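S.K.:
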Amino acid sequence: MLGEWQGLAVLTGNKLVEVLHSVKWAGKNFYGFDQVEPMVCLDDNGCRFCNPNWGGARWLIIKIREIKYNDTVSAAMVYNQRPVIDHFRYVDENTVIGVMESLDHDKFSQEEDRLYFTLARIK
Numbered sequence: 001m002l003g004e005w006q007g008l009a010v011l012t013g014n015k016l017v018e019v020l021h022s023v024k025w026a027g028k029n030f031y032g033f034d035q036v037e038p039m040v041c042l043d044d045n046g047c048r049f050c051n052p053n054w055g056g057a058r059w060l061i062i063k064i065r066e067i068k069y070n071d072t073v074s075a076a077m078v079y080n081q082r083p084v085i086d087h088f089r090y091v092d093e094n095t096v097i098g099v100m101e102s103l104d105h106d107k108f109s110q111e112e113d114r115l116y117f118t119l120a121r122i123k
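Oh and the sequence shown: position 21 is 21 in the UniProt record's numbering, straight run, nothing missing.
(1) Check Ser-18 in the structure and name its three-state DSSP category.
(2) Are the beta-carbon atoms belonging to Gly-46 and Gly-27 less than 9 Å from one another?
(3) Alpha carbon to alpha carbon, how far is Ile-97 from Arg-121?
(4) Cα separation between Asn-80 and Leu-119?
(5) Need the endpoints of the beta strand (DSSP E) that Thr-95 sits in, please.
As structure tokens, this is what we get:
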């Protein structure tokens with residue numbers, strides 16, 4: 001999972017997809033088990049940046065762990081300051097599919113469907 005990843009939300013009707021689109025979500029960066037930029041967005045020039053307003057200050061709130069989800073243990077990103085876990089499943093060396101599980105059904109995630117996304121390795 002180490003490296004920079006291009007993100008793409010899967011269109012399932014989950015309202016978080018609209019939020020990700022509005023902030024120009026571009027993916028995630030993984031530099032270590034406790035060094036993650038969870039909300040990489042695009043600025044007005046199309047350059048990637050870690051958005052401190054979505055995901056907090058980098059390095060401080062995220063941990064990568066192995067967690068069981070749907071009877072399979074895989075990598076997961078645990079947000080320390082929010083009841084959110086992103087679960088990841090390996091597709092191939094350059095592709096991961098993920099699902100965001102929120103224990104706190106806030107105004108953006110009240111639908112029964114989860115937020116699904118794909119990550120494609122950039123570098």
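Glycine included, every Cβ here is placed at the ideal spot set by N, Cα and C. Every value quoted in this text rests on a predicted model; they were computed, and no experiment measured them.
M.R.: With the given structure in hand:
(1) Correcting the residue identity first, residue 18 is Glu in this sequence and not Ser. Correct three-state label for Glu-18: helix.
(2) No.
(3) When only Cα atoms are considered, Ile-97 and Arg-121 end up about 11 Å apart.
(4) Leu-119 has its alpha-carbon roughly 22 Å from the corresponding atom of Asn-80.
(5) Per DSSP, the unbroken beta strand (DSSP E) holding Thr-95 starts and ends at 95 to 102.
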